[in-house]
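205 is the number that full-length UniProt numbering gives to position 205 of the sequence shown; each next residue is one higher, with no gaps.
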Amino acid sequence: MSTALVTDLNLNVEKNGFLDIELDPEMDLFAEIERLKKEKNAIILAHYYQEPDIQDVADYIGDSLGLAQKAEKTDADIIVFAGVHFMAETAKILNPTKKVVIPDFKAGCSLSDSCPPPLFAQFKAQHPDHLVISYINCSAGIKALSDIICTSSNAQKIVESLPKDQKIIFAPDKNLGAYINKVTGRNMVLWNGACMVHEIFSVEKISKLKLRHPNAKIIAHPECEEPVLRLADYIGSTTQLLKYTEKDASAEYIVATETGILHQMMKSNPQKTFIPAPPNNSCACNDCPHMKRNTLEKIYLCMEYEVPEIIMDEELRLAAKKPIDRMLELSAQFGLI
Ligand code: 13P
Ligand code: SF4
């Protein structure tokens, strides 16, 4: 690529967060993406909240723990991260020698944004004898201020592995933190952050839906608020929710998490019915606006031109890596692979 083209591409990304380049509408994006994967030894890692087409071109689809584990182990030269910024950043932290590209640099996360590092550093200083466990949905700056990272699939086990009298700060998700406090009997100090998607579910509407579908099981992500979690028959990470629907004998489920997961649930269980839990107003707010910034066109463009790329300061990367490594070691010990 010429220097002039690289400058143009970077300016384009700076302005839009993604490459805003017109594509031939007749282009077979699926075939082109497959070609680029082979030509560039690239792997597409996608989160379950991505739109179905993206899930269908992905080499691996997973929850945050699975994606971090896969990113750490891959021998691809380019990691295309179809998810949000903190996920791609985690892949870069674990894999500094690989190129990590993200379809849209502006695919952020309300939960991560709810915890700015300078404010969190002050909060941490107010609790000097506390260990910091941070949910992976946070920036590298927060990870660097943490002792252990966790995800929704290992948070309970990580907390239980610590001595009962260990004082803990849990950040940034107050809902996941409150849920872990409840199931472990701990009293972790919680940062006041939340996910905009999981806070929107309506207890009243879910209860009415349950009356119309009395045999449906309610399954929920632990980022939901406590009144929603109280209604749930099963609570877990996206992968755990999917696995539950594969093993459980029910024919119908009310699903309280982002709607993207329904694609894999329906693929794995074509004979079952999945109903998205309703939000508390008439918007489609149980679609994550950040996750849904990614499109198949943007995947193709970021593979073709290799931007937007995740670039990290090395000192920050090393500081953020320590608590992620701790999580990966503990997860392996727990058999969560
Ligand atoms: P998991 O896929 O790890 O359950 O996380 C859900 C989520 O909100 C990711 O942003
Ligand atoms: Fe962040 Fe919530 Fe979107 Fe997940 S669903 S990326 S936690 S805003």
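The beta carbon of each residue, even a glycine, is placed where N, CA and C say it ideally should be. The model shown is predicted, which means the values in this text are computed figures rather than measured ones.
If we ignore side chains and look at the alpha-carbon of each, how far apart do Ala71 and Asp173 end up?
Residue mapping note: residue 71 aligns to position 71 of the sequence shown, counting from 1. Residue mapping note: residue 173 aligns to position 173 of the sequence shown, counting from 1. In a straight line, the C-alpha of Ala71 is about 24 Å away from that of Asp173.
Cβ pair Val294, Ala107 closer than 8 Å
The residue labelled residue 294 in the question sits at position 294 within the sequence shown. The residue labelled residue 107 in the question sits at position 107 within the sequence shown. Going by the sequence as given, residue 294 is Asn instead of Val. Yes.
Following a CB-centred definition, is Thr295 positioned closer than 7 Å to any heavy atom of the ligand 13P?
To locate residue 295, count along the sequence shown from 1; it is residue 295. Checking the Cβ of Thr295 against the ligand 13P gives no.
Just the C-alpha distance for Leu229 and Ile254, rounded to the nearest angstrom, thanks.
Locating residue 229 in the sequence shown gives position 229, counting from the first residue. Locating residue 254 in the sequence shown gives position 254, counting from the first residue. CA-to-CA, the gap between Leu229 and Ile254 works out to about 12 Å.
Which runs of the beta strand (DSSP E) at least 3 residues long sit entirely within the segment 110 to 151? Give them in chain order.
Within the segment 110 to 151, complete beta strand (DSSP E) segments of at least 3 residues are found at 131 to 135 and 148 to 150, given in chain order.
Which residues share a DSSP beta bridge with Glu309?
One-based indexing of the sequence shown puts residue 309 at position 309. Per DSSP, Val101.
When Gln69, Glu34 and Asn154 are compared against Asp56, the one with the closest alpha-carbon
Start at 1 with the first residue of the sequence shown, and residue 56 comes out as number 56. Comparing Cα-Cα distances from Asp56 to each of Gln69, Glu34 and Asn154, the minimum goes to Glu34.
Run through the DSSP bridge pairs and tell me what Gly62 is partnered with.
Taking the first residue of the sequence shown as 1, we reach residue 62 at position 62. Gly62 is bridged to His47.
Under 7 Å from any heavy atom of the ligand SF4, by CB: list those residues in chain order, please.
Listed along the chain, these residues meet the criterion: Tyr49, Val84, Cys109, Ser110, Leu111, Ser112, Asn137, Cys195, Met196, Val197, His198, Glu223, Glu258, Cys288, His290 and Met291.
Between the alpha carbons of Cys150 and Tyr135, how many angstroms are there, rounded?
In the sequence shown, counting from the first residue as 1, residue 150 sits at position 150. In the sequence shown, counting from the first residue as 1, residue 135 sits at position 135. Roughly 5 Å between the two C-alpha positions.
Which of the three DSSP states, helix, strand or coil, is assigned to Thr273?
Here residue 273 corresponds to residue number 273 of the sequence shown, with the count starting at 1. In the three-state reduction of the DSSP assignment, Thr273 falls in the strand class.
Is Gly193 helix, strand or coil by DSSP?
Translated into positions along the sequence shown, residue 193 becomes position 193. Residue state, collapsed to three classes: strand.
Assign Phe30 to buried or exposed, taking buried as 16 or more other Cβ atoms, counted over all protein chains shown, within 10 Å of its Cβ.
Here residue 30 refers to the residue found at position 30 when the sequence shown is read from its first residue. Looking at its Cβ environment, which holds fewer than 16 other Cβ atoms inside 10 Å, Phe30 is exposed.
With burial defined as no fewer than 16 other Cβ atoms inside 10 Å of the residue's Cβ, what is the status of Asp28: buried or exposed?
Taking the first residue of the sequence shown as position 1, residue 28 is located at position 28. By the neighbour-count criterion, in which 16 or more other beta carbons inside 10 Å mark a residue as buried, Asp28 falls on the exposed side.
Three-way DSSP call (helix, strand, coil) for Pro279 in this model:
The count along the sequence shown starts at 1 and reaches residue 279 at position 279. DSSP places Pro279 in strand when its eight states are reduced to three.
Leaving out five residues before and five after Asp63 in sequence, what residues of the same chain have Cβ atoms less than 8 Å from its Cβ?
Indexing the sequence shown from 1 puts residue 63 at position 63. Residues of the same chain with a CB within less than 8 Å of the CB of Asp63, apart from the 5 flanking positions on each side, are His47, Tyr48, Thr151, Ser152, Ser153, Ser237, Thr238, Thr239 and Gln240 in chain order.
Based on the DSSP secondary-structure assignment, which residues constitute the bridge partners of Val255?
The sequence position of residue 255 within the sequence shown is 255, counting from 1. Assignment of beta-bridge partners to Val255 by DSSP yields Ile219 and Pro276.
Host beta strand (DSSP E) of Ile169 (start-end):
Within the sequence shown, numbered from 1, the residue matching residue 169 stands at position 169. Unbroken beta strand (DSSP E) run through Ile169: Ile168 to Ala171.
Could you spell out the range, first to last residue, of the beta strand (DSSP E) harbouring Phe81?
On the sequence shown, position 81 is the one that residue 81 refers to. Phe81 -> beta strand (DSSP E) spans Ile78 to Ala82.
Label Leu11 either buried or exposed according to how many other C-beta atoms from any shown protein chain fall within 10 Å of its C-beta, with 16 as the threshold for buried.
By 1-based counting over the sequence shown, the position of residue 11 is 11. With fewer than 16 Cβ atoms within 10 Å of its Cβ, Leu11 is classed as exposed.
Tell whether a beta-carbon distance below 8 Å holds between Gly193 and Leu111.
What you label residue 193 is simply residue 193 of the sequence shown in a count that begins at 1. What you label residue 111 is simply residue 111 of the sequence shown in a count that begins at 1. Going by C-beta atoms, Gly193 is nearer than 8 Å to Leu111.
Taking its Cβ as the centre, do 16 or more other Cβ atoms sit within 10 Å of residue 366, making it buried, or is it exposed?
Residue 366 lies beyond the range of the chain shown here (1 to 337); nothing can be said about it.
Going by other Cβ atoms of all chains shown within 10 Å of its Cβ, with 16 needed for buried, is Ile311 buried or exposed?
The count along the sequence shown starts at 1 and reaches residue 311 at position 311. Counting the other Cβ atoms within 10 Å of the Cβ of Ile311 gives fewer than 16, which makes it exposed.
Tell me which same chain residues have a C-beta within less than 7 Å of the C-beta of Asn181, skipping the five on either side of it?
Here the question's residue 181 lines up with position 181 in the sequence shown. Excluding sequence neighbours, Asn181 sits near Asn187 and Met188.
Extent of the continuous alpha helix (DSSP H) to which Glu22 belongs
The residue given as residue 22 occupies position 22 in the sequence shown. Where Glu22 is concerned, there is no enclosing alpha helix (DSSP H), given that its DSSP letter is neither H nor E.
Would you say the beta carbon of Thr184 comes nearer than 7 Å to a heavy atom of the ligand 13P?
In the sequence shown, residue 184 corresponds to position 184, counting from 1. Thr184 has its CB no nearer than 7 Å to any heavy atom of the ligand 13P.
Per DSSP, what are the beta-bridge partners of Ala31 in this structure?
Numbered from its first residue, the sequence shown carries residue 31 at position 31. Ala31 is bridged by DSSP to nothing; it lacks a bridge partner.
Beta-carbon spacing of Ile102, His85 below 8 Å
For the purposes of this step, residue 102 is taken as the residue at position 102 of the sequence shown. For the purposes of this step, residue 85 is taken as the residue at position 85 of the sequence shown. It is a contact, given that the beta carbons lie within the stated cut-off.
Under a Cβ-count criterion, where at least 16 other Cβ atoms within 10 Å of its own Cβ denotes burial, should Thr245 be classed as buried or exposed?
By one-based count along the sequence shown, residue 245 stands at place 245. Residue environment for Thr245: buried (at least 16 other C-beta atoms within 10 angstroms of its C-beta).
Rounded C-beta distance between Ala216 and Glu252? I'm assuming under 8 Å.
As a working mapping, residue 216 is identified with position 216 in the sequence shown. As a working mapping, residue 252 is identified with position 252 in the sequence shown. Yes, Ala216 and Glu252 are in contact; Cβ-Cβ is about 4 Å, under 8 Å.
Contact check, Ile337 vs Thr90, beta carbons under 8 Å
Looking up residue 337 in the sequence shown gives position 337. Looking up residue 90 in the sequence shown gives position 90. When the beta-carbon positions are compared, Ile337 and Thr90 stay at least 8 Å from each other.
Phe86 in three-state terms, based on DSSP:
Here residue 86 refers to the residue found at position 86 when the sequence shown is read from its first residue. In the three-state reduction of the DSSP assignment, Phe86 falls in the helix class.
Quick test of the definition: if touching needs 3 or more C-beta pairs under 8 Å, does the segment 122 to 131 touch the segment 201 to 216?
No, the segment 122 to 131 does not touch the segment 201 to 216.
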